[in-house]
Amino acid sequence: AHFTHPEIEDIQRKCFGVTSRDRSTTIKIHEIKENLKDHIYSFIERYEIGLLIPENALTIPMNIPLGLAITETLIETGMSAIAHHHDFYWERDRFTINAAWDYLNMAFPPNLPSLEHRVINSFASEQLSLRTGISAKISPNIMDFENPPPPIDDYASDVRQALGIKDDEIFVLQPTRIVKRKGIEHAIELVHRLGMKAKLVISHSSGDEGYDYEQRLREYTKLMQVNTIFASDFVNEERRYNEDGSKVYTLSDIYPHADLVTYPSTFEGFGNAFLEAIYFRKPIVVNTYSIYTKDIKPKGFSVIELDGYVTQAAVDHAKEVLSNPELCRRMVDENYEIGKRFFSYAVLRGRIKSYVAEHPWLF
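Just add 70 to the spot in the sequence shown (first one is 1) and you have our numbering.
So this is what it looks like as structure tokens:
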């Protein structure tokens with residue numbers, strides 16, 4: 071069921087970036103779909119599932135057979151489900167040219183009477199209604215603000231040393247994948263213009279979106295004479311040791327050591343990295359992408375803003391925050407309280423209670 075399975079990757083190549091689909095691809099899609107349906111039915115029966123919550127699987131068409139399998143299962147059983155949407159296909163250029171319109175219209179997302187839809191921002195809700203006639207409720211990204219992050223433990227105590235960051239260097243963290251819409255060249259420019267002894271750490275690789283942009287960043291960082299660390303070999307979802315004895319850290323291990331977080335994205339579905347920086351009490355540089363401007367900024371966060379490019383005002387603001395610990399502390403503490411008010415687990419608990427009250431027969 072994973073989108074990196076060779077057969078799924080082959081289907082992706084034959085469905086996107088082209089305008090026609092051969093019959094053998096259609097047959098393969100339906101063969102895999104039926105196999106996945108069998109497993110879904112077995113899962114439902116074995117664990118007596120009464121409610122399915124597809125997480126982005128009916129949103130971005132990274133696995134067409136899986137989306138079709140879930141959709142047909144819901145149609146055939148009539149069981150209740152909540153689809154949580156993060157990234158719609160119309161938000162990604164690589165899905166614009168395709169030979170899968172029939173599948174996109176059927177399952178990404180499907181319009182079913184038993185299926186409720188949740189999106190992570192107001193713009194997505196508006197676009198979903200406009201394009202499909204589907205009404206959705208907003209469930210933004212959240213973090214456990216009621217429980218602050220634990221102190222640095224022994225395992226993560228040497229993060230700066232492992233990354234080669236000296237005690238007198240500013241640790242600037244770009245906690246994202248290397249994707250064009252992340253606007254990482256702005257982070258490089260900002261570090262260059264700070265004129266301070268600093269290193270920029272980019273935490274993740276490019277993932278499934280190609281390597282051309284990464285090459286562009288490697289060239290640009292040399293041009294700007296910024297000491298940039300591409301740290302994907304050091305960061306993973308779980309801690310572990312490599313064969314040579316070196317450590318692999320989680321992103322939660324990395325954050326506490328950072329002095330400044332950069333998030334100069336041109337587009338985001340919401341902003342996980344933004345909330346993470348707030349949660350770990352780090353000052354953040356953020357580009358005013360549309361969802362930030364509409365759904366996040368009005369909450370009152372104090373950040374270092376870019377408006378599409380790096381301004382001298384942003385550089386000066388970053389310098390001020392980095393050189394004034396008391397100002398930085400007040401900023402991050404106030405931001406934490408705002409995050410706790412609007413983007414905590416308590417917010418989600420309230421919405422779940424509302425859903426339970428509206429659907430008592432499920433519980």
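Every residue gets a Cβ at the ideal spot worked out from N, C-alpha and C, and that includes glycine. None of these values were measured; they are calculated from a predicted model.
query	result
Near Asn-297, what residues of its chain come up, given a Cβ to Cβ distance below 6 Å and the 5 sequence neighbours on each side ignored?	Lys-269
Among Thr-95, Thr-147, Lys-352, Glu-428, which one has its Cα closest to the Cα of Ser-112?	Thr-147
Given Ser-184, which residues of its chain have a CB within under 7 Å of its CB, disregarding the five upstream and five downstream residues?	Leu-144, Gly-148, Met-149, Ser-150, Ala-151
Is Phe-344 near Tyr-333, with beta carbons less than 7 Å apart?	yes
So the beta strand (DSSP E) Ile-374 belongs to, where does it begin and stop?	374 to 376
Under 7 Å, do Arg-251 and Phe-337 count as touching if we go by C-beta distance?	yes
Please classify Gln-382 as buried or exposed, where buried requires at least 16 neighbouring CB atoms within 10 angstroms.	exposed
For Arg-309, count neighbouring Cβ atoms within 10 angstroms of its own Cβ and tell me buried if that reaches 16, exposed if not.	exposed
Going by DSSP in three states, Asn-133 sits in which element: helix, strand or coil?	coil
Would you check if the distance between the CB atom of Lys-103 and the CB atom of Ala-71 is smaller than 7 Å?	no
Three Cβ pairs or more, each shorter than 8 Å: is that satisfied between the region 75 to 95 and the region 161 to 176?	yes
If we ignore side chains and look at the alpha-carbon of each, how far apart do Arg-288 and Ile-254 end up?	11 Å
Which stretch, first to last residue, makes up the alpha helix (DSSP H) that contains Glu-104?	93 to 117
Which value, in whole angstroms, describes the spacing of the CA atoms of Tyr-362 and His-155?	17 Å
Determine the burial state of Gly-409: buried for a count of at least 16 other Cβ atoms within 10 Å of its Cβ, exposed for fewer.	buried
Let me confirm a value: Val-235 is counted as buried when at least 16 other C-beta atoms fall within 10 Å, else exposed. Which label applies?	The question names Val, yet the displayed sequence has Ile at residue 235. The residue is buried, with at least 16 neighbouring Cβ atoms inside 10 Å.
For His-187, is the classification buried or exposed, using 16 other Cβ atoms within 10 angstroms of its Cβ as the cut-off for buried?	buried
Comparing alpha-carbon positions, which option in Gln-295, Leu-182, Pro-245, Tyr-283 lies nearest His-274?	Pro-245
By DSSP's criteria, His-262 is part of a beta bridge. Which residues make up the other side?	Paired residue(s): none; His-262 is not in a bridge.
Alpha carbon to alpha carbon, what distance is there between Asp-108 and Leu-174?	22 Å
Rounded to a whole number of angstroms, what is the C-alpha to C-alpha distance between Val-305 and Gly-120?	37 Å
Can you find the residues in the same chain that come closer than 8 Å, C-beta to C-beta, to Ala-170, ignoring five residues on each side of it along the sequence?	Cys-85, Phe-86, Arg-91, Pro-131, Ile-134
Would you give the residue range spanned by the beta strand (DSSP E) that Lys-389 belongs to?	No beta strand (DSSP E) holds Lys-389; the alpha helix (DSSP H) holding it covers 382 to 393.
Along the alpha helix (DSSP H) that carries Val-426, what are the first and last residues, could you check?	415 to 428
For Thr-298, report the span of its beta strand (DSSP E) as first-last.	298 to 300
With respect to the beta strand (DSSP E) encompassing Arg-188, which residues constitute its N-terminal and C-terminal limits?	185 to 189
Thinking C-alpha only, which one of Glu-77, Ala-388, Asn-211, Asp-329 is nearest His-100?	Glu-77
Threshold first: 4 residues or longer. Then list the alpha helix (DSSP H) segments lying entirely within the region 143 to 188, N to C.	171 to 177
Name the residue from Phe-241, Ala-153, Asp-323, Glu-79 whose alpha carbon lies nearest to the alpha carbon of Lys-98.	Glu-79
In angstroms, rounded to a whole number, what distance separates the CA positions of Glu-428 and Arg-421?	11 Å
With a cut-off of 8 Å, do at least 3 Cβ pairs link the region 316 to 336 to the region 219 to 237?	yes
Could you tell me if Pro-179 is buried or exposed, where buried requires 16 or more neighbouring beta carbons within 10 angstroms of its beta carbon?	buried
Using DSSP with H/G/I as helix, E/B as strand and the rest coil, what is Ile-324?	helix
Going by C-alpha to C-alpha distance, which of Lys-367, Ser-393, Thr-358 sits closest to Asp-377?	Thr-358
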